[in-house]
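Residues 1 to 425 (the numbering used here) make up the sequence shown, in order.
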Amino acid sequence: MGDNEFVVVANRLPVDKVGDHYEVSPGGLVAALAPVLRAREGCWVGWPGNIGETLEPFEFGGISLVPVTLDQNDFERFYEGFSNSTLWPLYHDLIVQPEYNQEWWDSYVEVNRKFAEAAARAAADGATVWVQDYQLQLVPGMLKELRPDVTVGFFLHIPFPAPALFQQLPWRNEILEGLKGCDLIGFQRNTDEDNFRLLTQDIRTGTFPISIDASEIAVAPEEDVAKLRAAVGNPKHLLLGVDRMDYTKGILQRLLAIESLLEEGALDDVAFIQLATPSRERIEHYRTTRKDVEEAIGRINGRFGDVGRPIVHYIHRSVPKEKLGTFYAAADIMLVTPFKDGMNLVAKEYVAAHPNADGALVLSEFAGAAVELNQAYLCNPFDLESVKAAIVGATEPDAARMRHMHDWVMEHDVAAWAQSFLEEL
Ligand code: GDG
1 MGDNEFVVVA NRLPVDKVGD HYEVSPGGLV AALAPVLRAR EGCWVGWPGN IGETLEPFEF
61 GGISLVPVTL DQNDFERFYE GFSNSTLWPL YHDLIVQPEY NQEWWDSYVE VNRKFAEAAA
121 RAAADGATVW VQDYQLQLVP GMLKELRPDV TVGFFLHIPF PAPALFQQLP WRNEILEGLK
181 GCDLIGFQRN TDEDNFRLLT QDIRTGTFPI SIDASEIAVA PEEDVAKLRA AVGNPKHLLL
241 GVDRMDYTKG ILQRLLAIES LLEEGALDDV AFIQLATPSR ERIEHYRTTR KDVEEAIGRI
301 NGRFGDVGRP IVHYIHRSVP KEKLGTFYAA ADIMLVTPFK DGMNLVAKEY VAAHPNADGA
361 LVLSEFAGAA VELNQAYLCN PFDLESVKAA IVGATEPDAA RMRHMHDWVM EHDVAAWAQS
421 FLEEL
């Protein structure tokens, strides 16, 4: 038994090793939970991000960190395998085919046990433990067995699929049993919660749409915005996409929509910036996704671009958070077109970056964010004509719609999200 009254358990610790020192990783979850961790004598259990590295607990940025070691096998079977090649595609409605592999499942059980044991050691008598996301669905059950005295919450950041899909999973009963260790499970949207409740009603559930740390999206200086727009040729319409390079995000579909609009002459004087962070690159489907996207970008620029004036400006690297604000502020139209997304924070960040209610958001109906940001130009990414129509609609934006969404996001930030979940727990 430890002395932490509040324990967060997540696959990753909220730090990145840069050279020989640590930096707090960007992201709303840390921003939301750091104050709670400081106020409540808390700690964060997670993997530090380097394979095979074993670290003693340490303190960083005022947060106690409890590292869990993952070796090469854990990384390949638990992380790349079961988490990202089984659960990720299954929970995103089979956009690609999930693989069911006994070795990966065994590793998932083993690694979940490591996390549960670390949490059990860290938690004080009667502590509150908040487990995060699909990689750790067995932790609640394992933890409750080790420590019946603790209160356990779980939040699923990605969608929860319909029963007919979930039931494909050979280990569906074990996952449900694991989750039954919770005192409360939080979902992004009502439909996720409803899907889960069709399987079992033995657990308390709730819907808690996650949000952003609105203060992290600083209003970009005007000269930076002007410089960026000039760099892409001061187009009439500057379009933007910001995503992990993931097949769920619909990056190719938005490119095809732009290509088709250019072909029809329905869109002119346009530039499109696509920022794509490298992601899960050893997994085959991720490599194919990247290849397809890059091929489309090359084709579109070849067909419609000019020397010194490409249509698509593509960056396949991570951009510093401060710079991201400039991209958001500069964009006339933000394209968020996932086939399926738990929430999609990028949509909320774009809205937050437009305090003057300029700009327009094209948003997939299949993103969790569409529930709250229903004033966006909504589209169905499975229907190219629908994406095209939304883009055309967004070329004549409506400030009232943007204003409404901006006010909503500023009021419902990630701190409010954490507070509402913890109060309910
Ligand atoms: C999962 C769920 C859910 C992106 N490029 C750069 C960069 N980013 C940041 C964005 C944003 C975050 O990454 C991406 O968050 P999303 O929510 O859009 O997507 P996932 O990574 O798939 O997240 C999702 C989320 O969990 C939270 O519950 O909303 O549905 O899939 O914050 O700004 N940040 C920096 N450089 C980049 O190039 N610094």
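Glycine included, C-beta positions come from ideal geometry on N, C-alpha and C.
Please read these numbers as outputs of a predicted model, since none were measured by experiment.
Residue closest to residue i, alpha-carbon to alpha-carbon, out of the options
| i | options | result |
| --- | --- | --- |
| Gly329 | Gly62, Ala220, Gly126, Lys144 | What sits at residue 329 in the sequence shown is Ala, not Gly. The shortest Cα separation from Ala329 among Gly62, Ala220, Gly126, Lys144 belongs to Ala220. |
| Gly265 | Ile297, Leu240, Gly250, Arg303 | Arg303 |
| Gln137 | Ala122, Glu372, Ala127, His157 | His157 |
| Asp341 | Leu361, Thr326, Ala369, Lys323 | Ala369 |
| Ile258 | Phe421, Ala390, Gln168, Ile212 | Ala390 |
| Asn112 | Tyr91, Trp88, Asp74, Leu90 | Asp74 |
| Ile51 | Leu29, Val139, Trp44, Lys17 | Lys17 |
| Leu37 | Phe166, Thr54, Leu65 | Leu65 |
| Gly305 | Arg40, Pro381, Val270 | Val270 |
| Glu294 | Phe115, Glu365, Gln72, Gln253 | Gln253 |
| Leu373 | Gly393, Leu345, Val139 | Leu345 |
| Gly49 | Tyr108, Gln72, Ala119, Pro140 | Gln72 |
| Glu41 | Leu29, Leu90, Ala122 | Ala122 |
| Pro235 | Thr395, Thr288, Arg403 | Thr395 |
| Glu349 | Asp106, Phe339, Lys323, Phe366 | Lys323 |
| Ser364 | Cys379, Leu425, Leu55, Leu384 | Cys379 |
| Ala367 | Leu146, Pro57, Ile210, Ile63 | Ile210 |
| Leu55 | Pro163, Asp93, Ala118, Glu193 | Ala118 |
| Trp88 | Val371, Ala231, Ile283, Val45 | Ile283 |
| Ile217 | Thr326, Asp125, Ser260 | Thr326 |
| Thr288 | Ala127, Leu267, Tyr247, Ile300 | Tyr247 |
| Phe272 | Arg403, Tyr108, Asp292, Ile251 | Ile251 |
Host alpha helix (DSSP H) of residue i (start-end)
| i | result |
| --- | --- |
| Thr128 | No alpha helix (DSSP H) holds Thr128; the beta strand (DSSP E) holding it covers 123 to 132. |
| Lys321 | 321 to 330 |
| Met432 | A question about residue 432 goes unanswered here, because the residues of the chain that appear run from 1 up to 425. |
| Trp88 | 88 to 91 |
| Tyr350 | 345 to 352 |
| Glu265 | In the sequence as displayed, the identity of residue 265 is Gly instead of Glu. First-last for Gly265: undefined, no H or E at that position. |
| Ile297 | 284 to 304 |
| Phe437 | Any answer about residue 437 is impossible in this case: the structure gives the chain only from 1 up to 425. |
| Gly141 | 139 to 146 |
| Glu372 | 369 to 372 |
| Glu223 | 222 to 231 |
| Ile175 | 172 to 179 |
| Val307 | It is not in any alpha helix (DSSP H) - Val307 carries neither H nor E in the DSSP assignment. |
| Ile185 | Element bounds for Ile185: not the alpha helix (DSSP H) but the beta strand (DSSP E), 184 to 187. |
Delimiting residues of the beta strand (DSSP E) encompassing residue i
| i | result |
| --- | --- |
| Leu65 | 63 to 67 |
| Gly206 | 205 to 207 |
| Phe12 | First, the residue type needs correcting, since residue 12 is Arg and not Phe in the sequence shown. Counting along the chain, the beta strand (DSSP E) containing Arg12 begins and ends at 4 to 12. |
| Ala271 | 270 to 277 |
| Glu59 | 58 to 60 |
| Arg244 | 237 to 244 |
| Lys17 | 15 to 18 |
| Gly42 | 42 to 47 |
Own chain residues within Cβ distance below 6 Å of residue i, not counting five before or after
| i | result |
| --- | --- |
| Val351 | Met405, His406, Val409 |
| Arg280 | Asn84, Tyr286 |
| Tyr314 | Gln274, Ile297 |
| Gln135 | Asn11, Ser83 |
| Asp192 | Pro159, Phe160 |
Cβ-based neighbour list, residue i, same chain, cut-off 8 Å, excluding 5 preceding and 5 following
| i | result |
| --- | --- |
| Phe60 | Val15, Tyr22, Val24 |
| Trp47 | Asn11, Arg12, Leu13, Pro67, Val68, Thr69, Leu70 |
| Phe196 | Phe160, Ile185, Phe187, Thr205 |
Same chain only: Cβ atoms within 7 Å of residue i, ignoring 5 sequence neighbours per side
| i | result |
| --- | --- |
| Asn190 | Thr207 |
| Thr277 | Arg244, Met245, Ser318 |
Do three or more CB pairs link the stretch 14 to 34 to the stretch 405 to 418 at distances below 8 Å? yes
Can we say the stretch 3 to 10 touches the stretch 128 to 141, given the rule of at least three CB pairs closer than 8 Å? The stretch 3 to 10 vs the stretch 128 to 141: in contact.
State whether the stretch 176 to 188 contacts the stretch 145 to 164, with contact taken as three or more CB pairs (one from each stretch) at a distance under 8 Å.
yes
Item to check | Inter-stretch contact (C-beta, 8 Å, three-pair minimum) for the stretch 305 to 319 and the stretch 199 to 219 | outcome: no
_Contact the stretch 234 to 249 vs the stretch 318 to 336: 3+ CB pairs below 8 Å_ = For the pair of segments examined, the stretch 234 to 249 was found to touch the stretch 318 to 336: the number of CB pairs separated by less than 8 Å reaches three.
Item to check | Inter-stretch contact at 8 Å, needing at least 3 Cβ pairs: the stretch 231 to 239 / the stretch 329 to 340 | outcome: Output reads yes: the stretch 329 to 340 touches the stretch 231 to 239.
With a cut-off of 8 Å, do at least 3 Cβ pairs link the stretch 93 to 105 to the stretch 139 to 151?
Flag = no, the stretch 93 to 105 and the stretch 139 to 151 do not touch.
**Message:** So, does the stretch 388 to 402 touch the stretch 337 to 357, judging by three or more C-beta pairs under 8 Å?
**Reply:** yes
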